[in-house]
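For reference, the structure discussed in these notes is given below.
Chains as they are written, first to last, in our numbering: chain R, 1 to 511; chain B, 512 to 950.
Below, the structure is given as structure tokens:
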């Protein structure tokens, strides 16, 4: 994946010998050596226009200070980024950035993760000499379905305009006016309404572009951040999940408040799509937390008796009517660990052949050249590694429905997928034809109300695991939240059933 | 006094092709075309001709950095006719009265660097000159003088920054006129990323005379240089625009190395017999000189010792009645208005400096303002992308250094403030200045 390694050269940074690939920018080489050089306009994926003038360094032999974002490393170069002159230059550049900045941090969503605040504390700490009024520009402008613009807070680093030029090539944003009257705005007749618009919020180093959804919900310093993988398509973009559990009275008690992309050159680069970014609300909506038996009698169960009952029903069915009559619906949302347990239970132990796991049509969506994949589940490849879709064929929804109608199916085990929604009006009749319908998943959906057993599973934010993305990259994700109610990871449910099925009758469940 | 460019300016028909040719016009072009491109370039190098648009970069040396024609067959010459520096109007006169002189120079330059395209980028406000040039190009082409070179005329939209070569190239490409940051320099990757030589109107106008009379003749006219004092030679003459408080403002040509005093005297001296206070030697973006410093030799290297530059030769004479705070404010306001807004120090610094000066003029100055202006000026200079940005810091410091008393007397003493301080932060003024119009 990575380009050929370049020749390493030695140069001096603040008196220390540093090695870096030849031609690498000094600002990146310094970062690699653990030296932070402040910057706004430079972004590794968006280029280095060199307009913020914050990354100034001194180079021995150069007549003027130079911007390190436009300075390639050369053998024997001597760079200073911590001299008094450089510190003064950094502080003064910051001062000039702030001359007309409204300093409305108390009501600004960026506060706490703002480039101006951070750099002021690290490199500024001067006493303000500004005695003039601030210039006024337009505030709180809605420029798209997800993004709010505040021109006063903008430092005109042009990252967002370059994002719409270079990455999405949609050109919604531009810089208008000249000099201090310059401002970022929408191109005439356009709206920032592309599938990746949320990334402009991330690249904005200040509070000029803010998340319309996240605005005023929770202060960023109350949030916990967990490394995770976006589960909304086969790309498996690396993300940080930001959760709010310390102050549940904020944001209507929602636990997941936003997704932020996490850099991974091999998978998603710096970006994630808007579908993924703003798709987190489902993790706090329509969730299952209680283990229920709905038919023939509605009652809440504990895991042990429930697993015992389901295991008994499955074993009786297999023993009397044959494994051929058990149909299992699985989903590409299962983790590698889930797939393994699923395989052991249904393929190895119960020898089930009537399986449905293909994403068509309920798990398909829009695909594009940048990130989004057609398959809207994260881990079809994890199943494929175990043969699902290769040696093991998947039924289609219509085939399965036909089989049920023909009376070939005595039991239906549904994992995660909303089968009732796919089958629509036919669903109720189809379920009635099956003797046993077990539904297991994090979301209730329509199927959750029609099943005989409803087993609550965790969503991937509530467990640890691995997804294999469409390129075959196996990626770990970590537990960001506690499970709701008694929900368990899917693999634990499968393993629990398997233990009960393989034990002699009546021995399991007595714990 | 030797005159080169303005020698026929008393001829009212010099702008016509017929008259121009009857006085020896386009003979140099024929001569140059019989020489190899390298020979022409060598002659220009020998002449010590330096860029007369303000930077003073040796023209021959600039041409020498163009990559060889085998490596980059397509290359351009662009005439910088975007003369926007306040105090400079010599290009305007040169284009009005001697358009063919410039066009001949452009064709010689195209021959010297083997370019097939010669562009003229003219300031948008120069509407009359645009017409003159359009007519002159048509005449030249009809007379079959263009050879295999295509000459094209382009109009700017009236931004000061387009006078800077890389901003000019950006705007020619149809983009926002934001200066580029070399490297690469335009001679390597300029217009459309092809090697491009950008020369000023006056520089190009010199070329026919250099080719006709030889580089040595041109070098002998000008300042020969002084290796001991590390002063480089500046060949030939320069056309100065003299304005301000003088009796006869106008365009005057002097050999390089002429004292500034001579130029002021030639323009009739200070108006109304008043005392000289200040001279801006090269257009408003150059720092000022005091009355004592007018003995300065006008070439590209001497002014450095006086903390200023020759610039584009826009001499502005200011008499004793002028207030330097107002002058500095006027210039800073211009720079703030014309700042392209690309890099922060210039965009914010020019505007802030202007507003501090404005407050001082309104009587709201405080003692801390002067060291603050000095500090802000220092923090802008050398830390910006282009020369305009440097100017923002240099100009205000120049006036404060040369005329400190003008600034000090504007600051009210702390015991008896002339005006109360402007409202403290938080209390917005009723009138929102410089607000962006609401959609």
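Think of the CB as a built atom: it goes at the ideal place given N, C-alpha and C, for glycine as much as any other residue.
Any non-hydrogen atom of the ligand COA closer than 6 Å to residue i Cβ
{"i": "residue 467/R", "result": "This structure does not include the ligand COA; it has no bound ligands of any sort."}
Distance, residue j Cα to residue i Cα
{"i": "residue 128/R", "j": "residue 700/B", "result": "42 Å"}
{"i": "residue 328/R", "j": "residue 231/R", "result": "22 Å"}
{"i": "residue 953/B", "j": "residue 283/R", "result": "Past the edges of chain B, shown from 512 to 950, lies residue 953/B, and the structure says nothing about it."}
{"i": "residue 427/R", "j": "residue 419/R", "result": "8 Å"}
{"i": "residue 252/R", "j": "residue 459/R", "result": "20 Å"}
{"i": "residue 944/B", "j": "residue 839/B", "result": "Caution is warranted here: a pLDDT of 47 is assigned to residue 944/B, below 50, making its placement in the model unreliable, and the coordinate value is therefore given only provisionally. Cα to Cα, residue 944/B sits roughly 21 Å from residue 839/B."}
{"i": "residue 546/B", "j": "residue 619/B", "result": "11 Å"}
{"i": "residue 885/B", "j": "residue 864/B", "result": "10 Å"}
{"i": "residue 314/R", "j": "residue 162/R", "result": "58 Å"}
{"i": "residue 520/B", "j": "residue 536/B", "result": "14 Å"}
{"i": "residue 938/B", "j": "residue 875/B", "result": "Since pLDDT at residue 938/B reaches only 44, below the 50 mark, its modelled position is unreliable, and the value read off the structure follows with that caveat. Cα to Cα, the separation comes out at about 16 Å."}
{"i": "residue 834/B", "j": "residue 917/B", "result": "7 Å"}
{"i": "residue 149/R", "j": "residue 561/B", "result": "48 Å"}
{"i": "residue 116/R", "j": "residue 211/R", "result": "18 Å"}
{"i": "residue 70/R", "j": "residue 50/R", "result": "7 Å"}
{"i": "residue 888/B", "j": "residue 716/B", "result": "36 Å"}
{"i": "residue 573/B", "j": "residue 675/B", "result": "15 Å"}
{"i": "residue 687/B", "j": "residue 823/B", "result": "25 Å"}
{"i": "residue 730/B", "j": "residue 765/B", "result": "14 Å"}
{"i": "residue 326/R", "j": "residue 259/R", "result": "39 Å"}
Buried or exposed (CB count within 10 angstroms, at least 16 for buried), residue i
{"i": "residue 832/B", "result": "exposed"}
{"i": "residue 301/R", "result": "buried"}
{"i": "residue 271/R", "result": "buried"}
{"i": "residue 107/R", "result": "exposed"}
{"i": "residue 263/R", "result": "exposed"}
{"i": "residue 172/R", "result": "buried"}
{"i": "residue 491/R", "result": "buried"}
{"i": "residue 8/R", "result": "exposed"}
{"i": "residue 330/R", "result": "buried"}
{"i": "residue 601/B", "result": "buried"}
{"i": "residue 586/B", "result": "buried"}
{"i": "residue 391/R", "result": "exposed"}
{"i": "residue 188/R", "result": "exposed"}
{"i": "residue 797/B", "result": "buried"}
{"i": "residue 366/R", "result": "exposed"}
{"i": "residue 878/B", "result": "exposed"}
Nearest-angstrom Cβ-Cβ length linking residue i and residue j, presumed shorter than 8 Å
{"i": "residue 750/B", "j": "residue 713/B", "result": "6 Å"}
{"i": "residue 612/B", "j": "residue 719/B", "result": "6 Å"}
{"i": "residue 640/B", "j": "residue 590/B", "result": "Residue 640/B to residue 590/B, Cβ: 12 Å. No contact."}
{"i": "residue 733/B", "j": "residue 559/B", "result": "6 Å"}
{"i": "residue 453/R", "j": "residue 310/R", "result": "6 Å"}
{"i": "residue 233/R", "j": "residue 376/R", "result": "5 Å"}
{"i": "residue 159/R", "j": "residue 43/R", "result": "5 Å"}
{"i": "residue 201/R", "j": "residue 147/R", "result": "6 Å"}
Cut-off 7 Å between Cβ atoms - residues of its own chain near residue i, not counting five sequence neighbours on either side
{"i": "residue 813/B", "result": "742 and 807"}
{"i": "residue 15/R", "result": "none"}
{"i": "residue 578/B", "result": "699 and 706"}
{"i": "residue 295/R", "result": "452"}
{"i": "residue 17/R", "result": "10"}
8 Å Cβ shell around residue i - same chain, five flanking residues per side excluded
{"i": "residue 463/R", "result": "335, 479, 483 and 489"}
{"i": "residue 323/R", "result": "350, 351, 352 and 353"}
{"i": "residue 757/B", "result": "775, 778, 779, 780, 781, 782 and 828"}
{"i": "residue 528/B", "result": "536, 611, 647, 650, 651 and 654"}
{"i": "residue 389/R", "result": "357, 358, 380 and 383"}
{"i": "residue 657/B", "result": "618 and 651"}
Contact set for residue i: own chain, Cβ-Cβ below 6 Å, skip 5 residues either direction
{"i": "residue 119/R", "result": "38 and 94"}
(request) Would you list, in chain order, the members of the segment 850 to 864 of chain B that have their beta-carbon closer than 9 Å to a beta-carbon of chain R? (result) 850, 851, 852, 853, 854, 855, 856, 857, 858, 859, 860, 861, 862 and 863
(message) Against chain B, which members of the segment 174 to 188 of chain R pass a CB distance test of less than 8 Å?
(response) 175, 177, 178, 179, 180, 181, 182 and 183
(message) Please list, in chain order, the residues of the segment 110 to 144 of chain R that have any C-beta partner in chain B closer than 7 Å.
(response) 129, 131, 132, 133, 135, 136, 137 and 138
(request) Give the residues from the segment 893 to 921 of chain B that approach chain R closer than 7 Å (Cβ to any Cβ), ordered along the chain. (result) 893, 894, 895 and 896
(message) Under 9 Å, CB to CB, which of the residues in the segment 52 to 81 of chain R have a partner in chain B?
(response) 52, 53, 54, 56, 63, 64, 65, 67 and 70
(message) At a CB distance below 8 Å, what residues from the segment 715 to 727 of chain B approach chain R? Give them in sequence order.
(response) none
(request) May I ask you to list, following chain order, the residues of the segment 91 to 103 of chain R that have a beta carbon less than 8 Å from some beta carbon of chain B? (result) 92, 93, 95, 96, 97, 99 and 100
(request) Using a Cβ-Cβ cut-off of less than 8 Å, give me the residues of the segment 837 to 850 of chain B that come near chain R, in sequence order. (result) If the cut-off is 8 Å between Cβ atoms, the segment 837 to 850 of chain B has 847, 848, 849 and 850 near chain R.
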